[in-house]
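Protein chains in written order, with the numbering used here: chain H, 1 to 106; chain D, 1001 to 1339.
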Amino acid sequence: MSKITYIEHNGKSHSINVQNGLTVMEGAIQNNIPGIDADCGGSMACATCHVYVKEEWFNKLPKKEDGEEDMLDMAFEPNKFSRLSCQLTVTDELDGLIVQLPSKQM
Amino acid sequence: MIKTDALIIGAGPTGLFTAHQLKLIGLDCEVVDNLDKIGGQCIELYPDKPIYDIPAIPECTGEELTNSLIKQLKPFNIKFHLNERVDEVKNNNGKWEVKTNQGTLFNTPNIIIAGGVGSFEPRKFGPKECEKFEEKSIFYSIKDKTIFKDKTVSIFGGGDSALDWAIELSKNSKINLIHRRDEFRGAQSTVDKMNELKKAQKINLYTKYQLKNVKGSEKVESIDIEHDNKEVKNLKTDFVLGFFGLIMQLGPIANWGLNLDKKTINVDTEKFETNQKGIYAVGDICNYPGKLKLILSGFHEGALAARACFKLARPNEKYRFEFTTSSKNIKKRLGIKSD
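This is how it looks when you write it as structure tokens:
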């Protein structure tokens, strides 16, 4: 279990213990966190699980694959801290991760 | 008014195989899809990506799977209504009256929704002011390129559509090409061509910028674009084009009185029928305990929904289960001579 904090666009914060091996996206979906749609179910085909990773965490994450960067081009208002949460697998190293959710996913 | 035994909404793999199942048991059907081609997500999202979990096919791409399904439908004459989205569904005396956004009307006892995650729509710009300029100064697709002649056009996006249009329109227009990062995901030859035009000052390239604001009263007069480092530039422009790919939206389906769960439709697992008699949902769009969003599940769901259609389409006949290996009727429908 690692603690992941999801901060909604309106500032509401949810800290959840997510089982290692799940993705940050799955942690949100299983706990009904509003603001992550994940239309394609985690296959990196839709960009509706887009999150902004807190700056201090961004460089600690595994690097993006090309496909993820391409998909982020289609996300709603991406910035340099954007990631697709379906591509972030929860491990002990991610314990304490904070992600912010965009105002909408599409 | 087109009369048919079943109307399928969605021409993805599930919709295609469902059509096959309907025709096999002797029902006719027509298919409507909002995209301009057959194949659904397989063609739109991952035509080149290999799929490894189609039974008996160790590996195939989305495009290959689509082509195989189309080939499997070849014995049958099925009418596809592409570039059309079903907007209205009304019950009239136990039959469904269906209307598309192109005005096509259907009358059918059965509607099978094989809509994936909804219909594909262009992804739009973020700033709210953009809405009022849509289809006047701001476009997400191009129908008539002559309106851009001798004008300044600002194009956003990093894929093939953005690059192709930047190159094409640079012949007669002043082009700003704006993209959120340095890399483009278009074909390398297209990227090279764009870079040549940039050197020749036919295209002004702004990377790591995104649209911040649009200004103008009736028409767009200028746009503010913001760099990753927050620096803002103002560009005079007559038109703004956005090519950010397509998103999937449930769309009008939400208004048909169906029992929805988020973006999916609840069905039973016997007929894959919704809470409305004669409306079924199969594939990614349906939901039931244990639902898997796999193509193979869609095939199973379509096969069962097709059998359920029989009862409403042929109320005075009894459906008899038959195997393709032995049924003369089925072989006849497939155009195979039996001995």
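A virtual CB, placed ideally from N, CA and C, is assigned to each residue, including glycine.
Taking C-alpha positions only, Thr1152(D) is separated from Cys1130(D) by approximately 17 angstroms. For Ile1247(D), the nearest CB of chain H lies under 8 angstroms from its own CB, placing it at the interface with that chain.
The shortest CA-to-CA distance from Val1220(D) to any of Ser1189(D), Phe1156(D), Phe1299(D), Lys1136(D) is the one to Lys1136(D). The closest CA to that of Tyr52(H), considering only Asp70(H), Val24(H), Asp66(H), is found on Val24(H). Straight-line measurement puts the Cα of Arg1185(D) at about 19 angstroms from the Cα of Gln87(H). When Cβ-Cβ separations below 8 angstroms define contact, Phe1244(D) makes contact with chain H.
A check of alpha carbon separations from Asp39(H) across Leu84(H), Gly21(H), Gly96(H), Lys60(H) identifies Leu84(H) as the nearest.
When DSSP assignments are scanned along the segment 1212 to 1236 of chain D, the uninterrupted stretches of beta strand (DSSP E) that are 3 or more residues long and fall wholly within it turn out to be 1222 to 1227, 1232 to 1236. For His9(H), the three-state secondary structure derived from DSSP is coil.
Using a CB distance below 8 angstroms, the part of the segment 1033 to 1066 of chain D facing chain H consists of Gln1041, Leu1045, Tyr1046, ordered along the chain.
Between the segment 1262 to 1269 of chain D and the segment 1158 to 1171 of chain D there are fewer than three C-beta pairs closer than 8 angstroms, too few to call the two in contact. Chain H places a beta carbon closer than 8 angstroms to that of Asp1228(D), counting this residue as a contact. Straight-line measurement puts the Cα of Leu1177(D) at about 10 angstroms from the Cα of Lys1198(D). For the pair Lys54(H) and Ile98(H), the CB atoms are nearer than the 8 angstroms cut-off. Distances from the alpha-carbon of Lys1071(D) to those of Pro1122(D), Glu1044(D), Leu1016(D) put Leu1016(D) closest.
Asn1329(D) is classed as exposed because its beta carbon has fewer than 16 other beta carbons within 10 Å across all chains shown.
In this chain, the beta strand (DSSP E) harbouring Ile1008(D) covers 1006 to 1009.
Per DSSP, the unbroken alpha helix (DSSP H) holding Cys1309(D) starts and ends at 1295 to 1313. Burial state of Phe1323(D) is exposed, judged by a 10 Å Cβ sphere holding fewer than 16 other Cβ atoms.
Lys1193(D) has no beta-bridge partner at all, per DSSP.
Using a Cβ-Cβ cut-off of 8 angstroms, Gly21(H) does not count as an interface residue toward chain D, since no Cβ of chain D sits closer than that to its own.
Where Thr1018(D) is concerned, the enclosing alpha helix (DSSP H) starts and stops at 1013 to 1024.
For Tyr1319(D) and Leu1022(D), the gap between their C-alpha atoms comes out near 12 angstroms. Against chain H, the beta carbon of Gly1290(D) has no neighbour under 9 angstroms; the closest one sits roughly 15 angstroms away.
Taking a C-beta distance under 8 angstroms as the contact criterion, Thr1274(D) and Asn1287(D) do not qualify as a contact pair. Nearest Cα to Glu1218(D) within the set Phe1133(D), Ile1008(D), Phe1139(D), Leu1205(D): Phe1133(D). Nearest CB-CB separation between Phe76(H) and chain D: below the 8 angstroms threshold.
Under the three-state reduction of DSSP, Trp1256(D) is assigned to coil, being neither helix nor strand. Look at Asp39(H): its C-beta is under 8 angstroms from a C-beta on chain D. Counting the other CB atoms within 10 Å of its CB gives Pro78(H) a total of 16 or more, which places it among the buried residues. The Cβ neighbour count for His50(H), taken over all protein chains shown within 10 Å, is at least 16; the residue is labelled buried.
Taking a Cβ-Cβ cut-off of 7 angstroms, the neighbours of Gly1158(D) in chain H comprise Asp73, given in sequence order.
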